[in-house]
Amino acid sequence: MENIEISIPMKEGSAAKVEKKDKSALEELLERLLKEKTSELEYRVVMMENNVLQLRKDFSEVKAKQEVIDRESEELFKESFKKLNEFTDKLNLISSEISSIEGKVSSEDERVSLLKEQERKSIKELKKMERKVIRYLRKHFESKKAREKLVRAVTFKAGRKLRKTKFPVIAKAAEKKVLKNVKRKVKVIAGKKMGLSVKKPRKVKR
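Residues 31 to 236, numbered by the numbering used here, are exactly what the sequence shown covers, in order.
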């Protein structure tokens with residue numbers, strides 16, 4: 031409390047009245063000061079309560095926003111995790127498909143290699159057989175008897191096959207044994223196919 035000094039002029043013979051008045055004035059002053067201080071303290075308390083209420087309100091709003099953010103973050107995390115799982119599944123599927131394709135390609139490469147090897151062997155065998163046939167033909171074309179024998183074999187045994195070629199008339203005539211020059215023509219055709227130089231037959235006058 032503040033020390034307040036009150037100077038009151040004193041009169042002779044009125045000490046009791048002055049003292050009583052002083053007490054009343056002092057009490058009033060104290061009461062007034064007490065009310066002022068009380069009012070100030072009440073105002074401060076009210077302000078503090080208002081500040082506390084505002085802080086609680088702000089805290090509630092912040093908490094609510096934080097909950098919303100947490101909930102959205104959790105949903106976003108779940109969605110991202112779900113998409114990640116889907117992407118992983120797709121990636122695994124693609125990897126398995128690639129592995130399957132690589133296996134098929136490898137198998138196809140092996141098959142192609144095998145076919146090429148078989149083709150190479152077949153070509154080799156065909157060339158070998160072709161050389162044998164050419165040697166046989168060259169050997170047997172040396173004598174007239176052998177040539178006639180070969181022509182007869184071609185004429186009678188391969189007549190039906192020759193019918194399917196570009197010489198059907200020759201094959202038909204050879205089968206029926208009608209014209210002798212058919213044999214010569216067959217001989218010429220066979221010689222030309224084997225790369226042999228054979229004289230052209232003369233035209234036969236009927």
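Every residue gets a Cβ at the ideal spot worked out from N, C-alpha and C, and that includes glycine.
Backbone CA spacing between residue i and residue j [nearest angstrom]
| i | j | result |
| --- | --- | --- |
| Glu-57 | Glu-70 | 19 Å |
| Leu-59 | Lys-65 | 10 Å |
| Arg-86 | Val-92 | 10 Å |
| Val-142 | Ser-103 | 56 Å |
| Ser-125 | Asn-115 | 15 Å |
| Lys-108 | Ser-129 | 31 Å |
| Lys-134 | Lys-158 | 35 Å |
| Asp-100 | Leu-123 | 34 Å |
| Arg-150 | Lys-113 | 54 Å |
| Ile-131 | Leu-121 | 15 Å |
| Glu-97 | Leu-106 | 14 Å |
| Asn-81 | Arg-62 | 28 Å |
| Ser-136 | Lys-95 | 60 Å |
| Lys-154 | Thr-118 | 53 Å |
| Ser-54 | Glu-79 | 36 Å |
| Lys-73 | Ser-110 | Note that residue 73 is Tyr in the sequence shown here, rather than Lys. Spanning the two alpha carbons is a distance of roughly 54 Å. |
| Glu-140 | Lys-146 | 10 Å |
| Glu-89 | Thr-68 | Here the sequence assigns Phe to residue 89, which means Glu is not the residue at that position. Answer to the nearest angstrom: the Cα atoms are 31 Å apart. |
| Val-76 | Leu-83 | 10 Å |
| Leu-144 | Glu-127 | 25 Å |
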